[in-house]
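Residue numbers (our numbering): 103 to 312.
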């Protein structure tokens, strides 16, 4: 029986590329992709799937909330979180939530194929990665960024939050989705252990960011 793989990602061009790679595998059948969390859960109620390739920033609900639902309602399914974030703490968090794998969007096609086959064999895929997110510089060259492992993009977002901008306003300024901004905010809060706008404002002031 082929390995039935479902891709859940809200970027159609990326999905097309993933489908092309997976269709090269004789032992894999790609299920029709879905583009948000609601579609994903609905699909799982009607179609047999073995492995889900799940985008972390996918909307309605996002990848984290979708993972929680899947592991509660469909515990037999294998889930690979597919993300741009090469962050050990995030990797640990999704392992605790029950994910079976963690794959960077900067990975090559061979790595993707290996991850799929590894999960199909009943193992997990959490390699120690030396990759960095090419779209998001990992650490700024100053003591503040080095200490807190804050990227340039996250620093921008901290400044904007401290200035009182809403998630929608920040997403408009940075030309990314609100879901991406919310993912950044979660990462910022996790890294700094600060979970309120006031706390972020005080932090930004202490660090001279505003």
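Glycine included, each C-beta is placed from N, C-alpha and C at the ideal position.
Keep in mind it's a predicted model, so treat the numbers as computed, not measured.
{"Query": "Residue range of the beta strand (DSSP E) that residue 148 falls in?", "Result": "Element bounds for residue 148: n/a, residue is neither H nor E."}
{"Query": "Excluding sequence positions up to five away, which residues of its chain have a Cβ less than 6 Å from the Cβ of residue 108?", "Result": "133, 151, 154"}
{"Query": "Determine, using beta-carbon pairs with one atom in the region 255-265 and one in the region 289-308, whether at least three such pairs fall under 8 Å.", "Result": "yes"}
{"Query": "If the criterion is Cβ atoms closer than 8 Å, does the pair residue 166 and residue 143 meet it?", "Result": "no"}
{"Query": "When the distance is taken between beta carbons, is residue 214 closer than 8 Å to residue 221?", "Result": "no"}
{"Query": "Buried or exposed: which applies to residue 298, given that a residue is buried once 16 or more other Cβ atoms fall within 10 Å of its Cβ?", "Result": "exposed"}
{"Query": "Mind checking who residue 263 pairs with in its DSSP beta bridge?", "Result": "Residue 263 pairs with nothing; no bridge assigned."}
{"Query": "Near residue 168, which residues of its chain fall below 8 Å by C-beta distance, leaving aside the five closest residues on each side in sequence?", "Result": "110, 139, 142, 143, 156, 160"}
{"Query": "Opposite residue 203 in the DSSP bridges: which residues?", "Result": "182, 227"}
{"Query": "Run the CB neighbour count on residue 301, radius 10 Å, all protein chains shown included, and call it buried at 16 or more, exposed below.", "Result": "exposed"}
{"Query": "Taking the C-alpha atoms as reference points, what is the distance between residue 180 and residue 135?", "Result": "16 Å"}
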